[in-house]
Structures are given as structure tokens and as C-alpha cells.
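Residue numbers (mature numbering (1 follows the signal peptide of the UniProt record, and there is no 0)): -32 to -1, 1 to 163.
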């Protein structure tokens, strides 16, 4: 009798598995359309690739994404079309980085601001395309200085801090130890004191 019950159990389990398989097979969705190739261009969210107010995501290359995307890392403050200008002409002084854009009909550059800290374009943070009042610099070679964080967290310690901006060198205070060119600023010379 034990064998008879076991055989019935095996047949019942087999029938249940067969019915479950039949149901699952019949309820499957049609195969989805193939995914686009990885090299497919990212759609533009405005009339211009990375136009003012648009956002970008980092990857192997910057891509335009909606600013509400969790991948968005920076926003365009100013977009310049055409040939690449010297430096970052027209960018706001608090620009964190400049993205140079080339390609079919989209050449120029975009002035970018990170959506979250750090903001290397802020005074004293050690980066950005412009040296501004409040930034710190170190000697990087003959007649050349580079920005570094004022808090000393960078690879090179700060040697000077830009304390004021004036139109001409003679307008700097007597305590000035270094004159720094301030491209993009309304004033042409940064007066820096030794730290």
C-alpha cells in the first residue's frame, strides 16, 4: 500500500509541474525589441547639444542627460558656439570646468558647474578655469603659478593667496609679493601675499 501512495504522489507532482510549465509558457510576453547598440548617439534635450541649462553625465565621454537624472553631475551655465576661444572667454568666474565640444555641427565649449560640491571654481578651492580673489597658488615653474586648495589638501601646498584685484600692478598694496594675471576677471591683476 505504501508503494501505491508513493506512485500516486509522484503522478500528482508530475501533473502539477506539467500544468505549471504550461501556464508559465503560455503567459510569457513576446520577446522585446533588441536594445540599441552602445554607440547609439544620446538624444539632445534641447536645440543645442549641452545648451544653457542642460545637464551632463560623466562616462567615457560626457553625455547630455535630463537634469533630474541621478546620473547628472554638472549643468551648463554658458554655451559658446564656433571655434574654441582662448581660455574660457564668457564663462562665469565660478565655473568649475570647461567642456570643449567638437563634432558635426556642435563645436564650441560649455561652461560647467557641478550640481554638488566640490566646486573647484569657488575661491580657495584650488581649481576652475579662472584664478580669482581668494584663490591660492604655488610656483609651478619659471614665471608660472597654478592654483591649489587654500586648506592645503592638494598635492602642492599653497604659497600665496590672491587678496585683491586691480587694473594695474602699481595699484596693488605694498605688501604684495606676487602679481597674478586674472583672465576673465574685470580687473587684470591679482595682488597676492605670501602665506
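Ideal placement from N, C-alpha and C gives every residue a C-beta, glycine not left out.
query: Might you give, ordered along the chain, the residues of its own chain that have their beta carbon closer than 6 Å to the beta carbon of residue 111, omitting 5 neighbours on each side?; result: none
query: Does DSSP put residue 136 in a helix, a strand or coil?; result: coil
query: So, under 8 Å CB-CB, residue 59 and residue 97 are touching, yes? Tell me the CB distance rounded to an integer number of Å.; result: 6 Å
query: Compute the Euclidean distance between the alpha carbons of residue 36 and residue 137, then round it to the nearest angstrom.; result: 46 Å
query: Where does residue 93 sit, in a helix, a strand or coil, going by DSSP?; result: coil
query: What first and last residue would you give for the beta strand (DSSP E) that runs through residue 49?; result: 42 to 49
query: Just the C-alpha distance for residue 19 and residue 62, rounded to the nearest angstrom, thanks.; result: 18 Å
query: From this set, 24, 163, 121, which residue's C-alpha is nearest residue 144's C-alpha?; result: 163
query: The beta strand (DSSP E) spanning residue 116 covers which residue range?; result: 112 to 116
query: Return the residue from the list 26, 123, 157 that minimises the CA-CA distance to residue 134.; result: 157
query: Buried or exposed for residue 128, going by 16 or more other Cβ atoms inside 10 Å?; result: buried
query: Note down, in chain order, each residue of its chain lying with its Cβ closer than 6 Å to the Cβ of residue 116, except the 5 sequence neighbours on either side.; result: 94, 104, 106, 122, 124, 126
query: Taking the beta strand (DSSP E) that residue 38 falls in, what are its first and last residues?; result: Neither: residue 38 is in no beta strand (DSSP E) and is coded neither H nor E.
query: Using the rule of at least 16 other Cβ atoms within 10 Å of the residue's Cβ for burial, across every protein chain shown, is residue 148 buried or exposed?; result: buried
query: Is the CB-CB distance between residue 67 and residue 23 below 9 Å?; result: no
query: Indicate the three-state DSSP secondary structure (helix, strand or coil) for residue 87 in the structure shown.; result: coil
query: State the beta-bridge partners of residue 149 as determined by DSSP.; result: 157
query: What's the call for residue 42, buried or exposed, on a 16-neighbour Cβ count within 10 Å?; result: buried
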